[in-house]
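Asker: Protein chains in written order, with our numbering: chain A, 1 to 302; chain W, 303 to 604; chain R, 605 to 906; chain F, 907 to 1208; chain H, 1209 to 1510.
For glycine and all other residues, C-beta sits at the position ideal for the given N, C-alpha and C.
No experiment lies behind these values; they were computed from the predicted model shown.
#1: Residue 27 of chain A: which of A/103, A/175, A/228 sits nearest, CA to CA?
#2: Report the partner residues of residue 602 of chain W according to the DSSP bridge assignment.
#3: To the nearest angstrom, how far is the alpha carbon of residue 316 of chain W from that of residue 521 of chain W?
#4: What does residue 50 of chain A touch in chain W if you count any residue whose Cβ is under 7 Å from its own?
#5: How many angstroms separate the CA atom of residue 128 of chain A from the CA atom of residue 263 of chain A?
#6: Quick test of your reading: residue 1291 of chain H and residue 1098 of chain F, contact by CB under 8 Å. State the CB separation rounded to the nearest angstrom.
#7: If we ignore side chains and look at the alpha-carbon of each, how far apart do residue 81 of chain A and residue 114 of chain A end up?
#8: Is the beta carbon of residue 1286 of chain H closer than 8 Å to that of residue 1481 of chain H?
#9: Does DSSP put residue 128 of chain A in a helix, in a strand, or in coil?
#10: What in chain R is Cβ-close to residue 1145 of chain F, meaning under 8 Å?
#11: Indicate whether at least one CB of chain A lies closer than 8 Å to the CB of residue 384 of chain W.
#12: Report the option in W/475, W/357, W/369 whose CA atom is closest to the CA atom of residue 407 of chain W.
#13: Along the alpha helix (DSSP H) that carries residue 1398 of chain H, what are the first and last residues, could you check?
#14: Just the chain R side, please: which residues come within less than 9 Å of residue 486 of chain W by C-beta, in chain order?
#15: Using DSSP with H/G/I as helix, E/B as strand and the rest coil, what is residue 634 of chain R?
#16: Output the distance between the C-alpha atoms of residue 462 of chain W and residue 699 of chain R, rounded to the nearest integer angstrom.
#17: From residue 854 of chain R to residue 579 of chain W, what distance separates their C-alpha atoms?
#18: Looking at the C-beta of residue 852 of chain R, does it have a partner C-beta in chain F at a distance below 8 Å?
#19: Looking at chain R, which residues of the region 438-466 of chain W have a Cβ within less than 9 Å of any of its Cβ atoms?
#20: Decide if residue 608 of chain R is buried, meaning its Cβ has at least 16 other Cβ atoms within 10 Å, or exposed.
#21: Measuring only the C-alpha atoms, how far is residue 846 of chain R from residue 327 of chain W?
#22: Are the region 654-661 of chain R and the region 959-975 of chain F in contact at 8 Å, needing three or more beta carbon pairs?
#23: Below 8 Å between beta carbons: does that hold for residue 1256 of chain H and residue 1460 of chain H?
#24: Do you know whose CA, among H/1492, H/1504, H/1506, lies nearest residue 1295 of chain H's CA?
#25: Hey, residue 178 of chain A and residue 1508 of chain H: beta-carbon distance below 8 Å or not?
#26: Going by C-alpha distance, which of F/1188, F/951, F/1142, F/1153 is nearest residue 1213 of chain F?
#27: Against chain R, with Cβ distances strictly below 8 Å, would residue 511 of chain W count as a contact?
#28: Could you round the C-beta distance between residue 483 of chain W and residue 670 of chain R to whole angstroms and report it? I think they count as a contact, below 8 Å.
#29: Please list the partners that residue 196 of chain A has in chain D, where partner means a Cβ-to-Cβ separation under 7 Å.
#30: Go ahead and label residue 622 of chain R buried or exposed: buried means 16 or more other beta carbons lie within 10 angstroms of its beta carbon, across all protein chains shown.
#31: Nearest CA to the CA of residue 1324 of chain H: which residue from H/1364, H/1477, H/1475, H/1342?
#32: Pick from W/598, W/561, W/412, W/547: whose alpha carbon is nearest that of residue 577 of chain W?
#33: Pull up the distance between the alpha-carbon of residue 123 of chain A and that of residue 75 of chain A, whole angstroms please.
#34: By a C-beta neighbour count over all protein chains shown, 10 Å radius and 16 as the cutoff for buried, is residue 442 of chain W buried or exposed?
#35: If I measure Cβ to Cβ from residue 562 of chain W and keep anything under 6 Å in the same chain, skipping five residues before and after, which residues do I get?
#36: Just the chain F side, please: which residues come within less than 9 Å of residue 1510 of chain H by C-beta, in chain order?
This is how it looks when you write it as structure tokens:
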């Protein structure tokens, strides 16, 4: 997540350099040739770039709205993961009974809770294309890690393990039948959230729209100087460059926002959120030492 | 689903060829006649095409938004099918008990899980107008296939079969009463998702809007050259053609996106999603061999 | 539901004839008088109709969006009715037990399922202001019809009857307590859907907006020719008429779409949907003969 | 709710009289002074009012959309109250058992159902700032009225009373444990709907936006005549007055719509809806005499 | 929450003073230099600021919509907290049984209800960066306060305590198994609402959009005077300043609205809402003395 601390203009600008220089060179070329008054004869009315400007604004507005929706949905889904993680542990604590001759209740709750923490880290890293096992080995038993290694989808496997343990808890009468179903419902919600993240990750924003925005902006840049030839010479260069840069900037921002799980500074802050979940859960389990909050980098937090 | 790999401009352009040539011929005709300066006398102010341009932009914006909503809803529904398929199998695994003198638990779970995989393939193919039984015969028993053949709606019949088996599981005490209801709830959600797909498939986008967008663009193209007659001769041809092509391009993109189950490259990738579900479920059932991920074609994935 | 088969331009045009001729006569009048060059002195700048055009576009955009939302919500609600009808019957089939010395299980299930089919037809016809009992008499017992005749709201009474039968099923131990509650939940959803239809039917779209759109378009038509007087004589007539007709056309389309239960070709296709439900349910009950799909009319389906 | 019967232009116009006359006087003043050609020297280009017109249209569009959302949400919430009221009574009828030596079942159901009717009237009147007890005394026992008088929030107290009776019904074995929870769930939904109404009632629409729309329209009116001085003298007065009136009209409509519980003709029709609920519920309880539908007033229904 | 009582123009204006003076000084500078007719030679057509005006309007429209959504969602979440708080207490009252030899039922209910009141105050204050324990010490036992002090997230700890007490209530047979699960569901909803508030609080609105709006407005201000040089001298200063101020005003309003938990007058009125909850709950518990409603300040309520 980009923070407000340092103005992130250059973060985006870095990504539209090519377009910036293309427009600048084009405008400079037009300016030079225009000195020879060749273009005078093909001046076009400014209403044409105006119409293009309106069309670009609207299609950029659509683009921006949809990109924002994806970004915000990603954040909402991770908010739901926070909520359901806390609820899962709270339910474990307020449902589970201690049983004679069995594993101690606290050990049971800790095992499931740690798997839940691991689920968050694993999901976040898998979405970002990192090794999902990397951050979670210390949270799991060797047996669990062995089980995970047989699955492509590690986070799904963690839910499976927790479901399996709830089943034996029912058999051992640690939980009653309603409590098992209620805990299962919470796992269902986590399963939904996980699927939603994968949907956002795997669905390409309709490429045809990305293209048409780009083409419209280039059309606009190509035609605009012919509408200005009667007015000014070199002053039109920064003018057109500035407007075109703004349009490209908005477009690029949308492109970056629409994919929030790419291991980039503009990502949804899944590592930081997972850490918060870890802290909350460990405090709920009365751990004395909890990890620090995730540190923000220079102008972003992962 | 169209991928980002190869720019899909020609994919859409192919579909607006007629409009492209109509506009080009019209503009060329206007250009030729204009040589005779006949049109000079009926020049119209550019504010008229401007107003039309604003109106087109807005109605196209509406069109684009609604088409995108249908497309995105289709994808969300299939995301929900992924989630509920995984949850269904996870619930089977964490609810079902083994029973003496009955079918082995693993056989029971496998039968229902395979039907769930079959449900996804059958729904996807039925929506695309293909034979829904084609991909699923190996997943079902002969008895099940016989049952399906008596139903118009194969995917609904598969849910019915799974519901029936849950009933006998309750009778045999494989499941308790809450667990049956909870599993039934998951089948309900699948039934909802299936109905949502059918709704998107069967509801024609209001044809009156499609028409008005088309008419507005043609009006725009007809009037625009009369606003330009004072300015330029042959140069106006590519100008008007380019702008009109862009408008038609956006409209066509919306038309293609609004129907995501037509067995076309722009479809929701239901085959690929069903394959992912198959892989996930088979790994959850501890199968050693799982199928490969669905292969992407040149510039799209089905 | 209007189909794509025959272009429905005349369907809408039929409804804006008055506006069309009003504008045409007005423009012809202006044209005639203008011959006398009386209007020259009161020409107004085209920026004024431009501003009006922008304002009309935006308010028409709002109008169109809200009308579409109502139309789409109506379709979604009927989609939910399809889903819940299927779920209701599937649940009956997978929950109900046969009981000794009682009504046969199949008779019990059929009675409730047929009432569910009747619910769909009755709701659809009631929304359209038709006699809700007309299509459903063959599906119900005489006793049920007698009961319905005492209620203003026939579809609500049908849910009541099904609820009553579920109660006796619980008493007779045909269903267990969870199953009754789960089936009741499905009836609840049907009750919600029914209420949503009635809400759409009974809520007048804010009349003040309908009015302001109309007034804005008329203002636009009145002022536009004064902006064009410097340009063209008779050619302005088709120009203004065409643009005004488009605006009225869009407005009329919104007006027609916002009320989808009026027994008009543009209605939500409730009869056809109810028929689909009947076919699905009868196949689920293993009926040999199921009715045909509802036939589409010339350019629409009811 | 305003009806379509009588055009409600004057209903709104009544509320923008001040603005109308302010603009008219201003324009007349400008017109008079302009006779002296003093303003000629400070004519401004029409592009400025155009930009303002675009900005006003967009901010008015935002305003209108949000006001409509509040209005529509209010209607949706009351639709949900209709649905949940019917479901509540249907559930009472299909859950409750008769008990020996206790209150008759019908008396029990009637007491709770009448409280539900009372809840609707009380909520509607409380939202409108009327005495919530006024319409409901005949529906409640003296004891209940005494209880209500001790509560600021009468409708919440009615839910509390029904909850209390469900508890004794469980103790008396009139309901089983699942049925109590299911009925409690319905009361929960009613509690949610009631809170949503209070939210809409108590949340002031951001006053800063109301202000900025107003200021923008005034800026527009102030600058527009200076853009027109080259064109026409007295004819500009009705022109500017008409456009400004339309903008104020749209704004006022939004202001009226955003607060739907003010005991005004534009309110959500809560009295009429409550009456419909009363009729439905009394018919469900097999009452012979049910009240008439609520009468519409001249151009609205409360 | 800002009230309608005193026009809050200066509340916002205070925050855009810097921009206001920057624009004024720039315009005055332009005006002075223009006296020397230096700028004449670089006049630019007004279509350029027009295009910028359209683009600004659209991007500001996006900004405003999203800021409003965050603000409205915050209010909705607190509405849900009101509803769930009332439901929680109503459920306690209609579920809990008195038990022999145990804590009195009323004491039990009061303890949990007071924690619920404390939850609201603590959440509100924590979101605003205040000490969450400050307002709630009188509502909690010493033991509870000790427990809270060990948690970073006090409101989560309160839910944990209530969950723990529900568990012992189940063990003591004060509640049956379904009732515990149903009450737990209500706590789940509160946990969700709390997480949603934290999401809104912790998610920075994409800083890149804030920046681009600002840059677009400055571009507009920089270019606009060059489009006006042919028209007027000093009169253009208030014109440009007024339009620019309006744009900055709209932007600032969005910036303020998007963060509704900053302990500012424009905040969601969480203290006032919590007080309402306290009053409602205490009346439900039949307290004789309830606190007063929260007092509104001069032009806002906290």
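Answerer: According to the structure shown:
#1: When only C-alpha atoms are compared, the closest one is A/228.
#2: W/304
#3: 23 Å
#4: 352
#5: 5 Å
#6: 5 Å between Cβ atoms; contact.
#7: 15 Å
#8: yes
#9: coil
#10: At a C-beta separation below 8 Å, residue 1145 of chain F has these neighbours in chain R: 648, 652, 827.
#11: yes
#12: W/475
#13: 1385-1410
#14: Within 9 Å Cβ-Cβ: 691, 694, 695, 698, 699, 783, 786.
#15: helix
#16: 12 Å
#17: Rounded to whole angstroms, residue 854 of chain R to residue 579 of chain W spans 44 Å at the Cα level.
#18: No, because no Cβ of chain F sits closer than 8 Å to the Cβ of residue 852 of chain R.
#19: Answer set for the region 438-466 of chain W: 452, 453, 454, 455, 458, 459, 461, 462, 464, 465, 466.
#20: Residue 608 of chain R comes out exposed.
#21: 23 Å
#22: yes
#23: Cβ distance not < 8 Å, so residue 1256 of chain H and residue 1460 of chain H don't count as in contact.
#24: H/1492
#25: no
#26: Residue coverage of chain F in this structure runs from 907 to 1208, which leaves residue 1213 of chain F outside it and unanswerable.
#27: Yes, residue 511 of chain W counts as interfacial toward chain R.
#28: Between residue 670 of chain R and residue 483 of chain W the Cβ distance is about 39 Å, and since that is not below 8 Å, they are no contact.
#29: Given the protein chain composition of this structure (A, W, R, F and H), no chain D is represented.
#30: Answer is exposed; the Cβ neighbour count stays below 16.
#31: H/1364
#32: A check of alpha carbon separations from residue 577 of chain W across W/598, W/561, W/412, W/547 identifies W/598 as the nearest.
#33: 14 Å
#34: buried
#35: Excluding residues within five positions, the ones whose Cβ falls inside 6 Å are 373, 376, 569, 570.
#36: Result: empty, since nearest Cβ-Cβ is about 14 Å, beyond 9 Å.
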